[in-house]
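The structure appears below as structure tokens.
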Amino acid sequence: MTPRRVRDIEYQLLPGSQRKTTDIVIERNGQIVVRPPVGYTPEQVDSLVESKRLWIYRNLAEWKDLNATAVAREWVNGETFLYLGGAYRLSLVSGQDESLKLKDGRFCLSRDLIEQGGTQAARTAFEQFYADKGQQRFADRVAYFAPKVGVEISSIRVKDMGYRWASCGRNGALNFHWKCMMAPPKIIDYFVVHELCHFHHRNHTDAFWNEVDKVLPDWRERKEWLRKRGASLDI
Ligand SMILES: [Zn+2]
């Protein structure tokens, strides 16, 4: 196949066929492939392609639509995403500036984003959304609970923590997994208090749980919720 360009249309030129007509096909990967009758010069094919511009554009647009839907299918059809314990349906939105935003009870994901970057870009947009929201929420909740637990925090980061929900450094640094933001607020508070209490006790001894109990007397229920439902907090 020879790549050719006529104005803004790029196409692959196949060797001539015995048929009398020119075949123009949009391949599954969106490539335009042209097979002319045998004996056509490349210049003749160029002008033929140009005369079919409108048809080509219409079909390319249709291909893009179908393709975006195919990529987004697992992200769109009946798909819901958790945020602060609520389930929100996903909508693909054209012409949206932000990659992802929560609006009118729906997660609105940019159609351009998924057309260009596919599932990976969508996943990244969600991770970024949870991380951004998490940064604010964890800052608020840590500011609220730290004095109650009697500790001072130097920094808070929300990021991918692998299989861990959270961690605390000896220097007063707290880290939370962005997935925590999918949990209900009560569970988020449990993450916060749990980590704060680790500044007093690095382990999970009775003394540690006693510390948690002073601030969250119903910590057992929250811990149990996490044990049962924690695995569902994922995208
Ligand atoms: Zn712990």
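Numbering (UniProt numbering), first residue to last: 1 to 235.
Beta carbons are placed, not taken as given, at the ideal position from N, Cα and C, and that holds for glycine.
In the structure shown, what three-state DSSP assignment does residue i receive?
i	result
Gln18	coil
Asn29	coil
Asp8	coil
Ser99	coil
Gly85	coil
Ser94	coil
What does the alpha-carbon distance come out to for the pair residue i and residue j?
i	j	result
Tyr88	Glu79	8 Å
Ser47	Gln128	47 Å
Arg222	Tyr190	7 Å
residue 263	Val33	Look at the range of the chain in this structure, 1 to 235, and you will see that residue 263 is not part of it.
Thr124	Thr41	47 Å
Asp132	Asp23	50 Å
Thr21	Tyr130	54 Å
Arg170	Ile156	13 Å
So, under 8 Å CB-CB, residue i and residue j are touching, yes? Tell me the CB distance rounded to an integer number of Å.
i	j	result
Phe145	Leu196	6 Å
Pro37	Ser51	With a Cβ gap of about 15 Å, Pro37 and Ser51 do not count as contacting.
Gly134	Phe199	Contact doesn't hold; Cβ gap of about 20 Å is too wide.
Trp63	Gly30	6 Å
Val109	Leu102	Correcting the residue identity first, residue 109 is Leu in this sequence and not Val. Actually they do not touch by this definition, with Cβ atoms about 11 Å apart.
What residue range is occupied by the uninterrupted beta strand (DSSP E) comprising residue i?
i	result
Val158	155-159
Cys168	166-168
Ala173	173-177
Apart from the five residues on each side of it in sequence, which residues of its chain come closer than 7 Å, Cβ to Cβ, to residue i?
i	result
Arg111	Ala68, Leu92, Val93, Ser94
Pro184	Leu84, Gly85
Starting from the C-beta of residue i, find all residues in its chain whose C-beta is less than 6 Å away, skip the five residues before and the five after it, and write them out in chain order.
i	result
Phe107	Phe81, Tyr88, Leu90
Short of 8 Å in beta carbon distance, which residues of its chain neighbour residue i, apart from the five on each side in sequence? Order them along the chain.
i	result
Arg141	Ile188, Asp189, Val192
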